[in-house]
Amino acid sequence: MRTRASLRKKGDELGAGASGDGVSDPELKELKKRKQRDRDQVLSVTETMKSWVDDTIFKYNITFGLYMLDPWERCVFNLVAFLVFLFIIFSIYRQVVYISYLLS
Numbered sequence: 001m002r003t004r005a006s007l008r009k010k011g012d013e014l015g016a017g018a019s020g021d022g023v024s025d026p027e028l029k030e031l032k033k034r035k036q037r038d039r040d041q042v043l044s045v046t047e048t049m050k051s052w053v054d055d056t057i058f059k060y061n062i063t064f065g066l067y068m069l070d071p072w073e074r075c076v077f078n079l080v081a082f083l084v085f086l087f088i089i090f091s092i093y094r095q096v097v098y099i100s101y102l103l104s
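All residue numbers in the sequence shown are consecutive under UniProt numbering, ending with 104.
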């Protein structure tokens, strides 16, 4: 397992990375590389969409802490979240139908 201490090179401070850009977190370095790569090359529409989807999934995993889970655990979490979302949409639909029935 990689830890922050094992990723740092000898003599680096916690706040400064090996390149001196003030970033020691590998995920942040990857995001910076992606941004620079996007600036350097002109992307087609499909490549731009794929890059946006990849970045959105990456941010979703980081935001909700899913990067720490195994793939099967991530799948279960996403399934439960999707089912909760569907139940909410279904209950809103049922409520709207019931209210429209009462008003008619």
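Think of the CB as a built atom: it goes at the ideal place given N, C-alpha and C, for glycine as much as any other residue.
Would you kindly report the start and end of the unbroken alpha helix (DSSP H) that includes residue i?
i      : result
Asp-70 : No alpha helix (DSSP H) holds Asp-70; DSSP gives it neither H nor E.
Asp-25 : From DSSP, Asp-25 is part of no alpha helix (DSSP H); its letter is neither H nor E.
Ser-51 : 45-63
Which value, in whole angstroms, describes the spacing of the CA atoms of residue i and residue j?
i           : j       : result
Asp-25      : Lys-33  : 13 Å
Lys-59      : Asn-78  : 15 Å
Leu-83      : Ile-89  : 10 Å
Tyr-67      : Ser-100 : 44 Å
Thr-46      : Val-53  : 10 Å
Arg-94      : Leu-31  : 43 Å
Glu-73      : Leu-103 : 45 Å
residue 125 : Ile-57  : Not covered by the structure: residue 125. The range shown for the chain is 1 to 104.
Thr-48      : Asp-70  : 28 Å
Mapping DSSP to helix, strand and coil, what is residue i?
i       : result
Ser-104 : coil
Have a look at the options and flag the residue whose alpha-carbon is nearest the alpha-carbon of residue i.
i      : options                           : result
Leu-28 : Ile-62, Lys-50 and Leu-103        : Ile-62
Asp-55 : Lys-35, Ile-92, Tyr-98 and Val-96 : Lys-35
Does any residue of chain C bring its CB to less than 8 Å from the CB of residue i?
i      : result
Ile-92 : The displayed structure is made up of one protein chain only, and chain C is not part of it.
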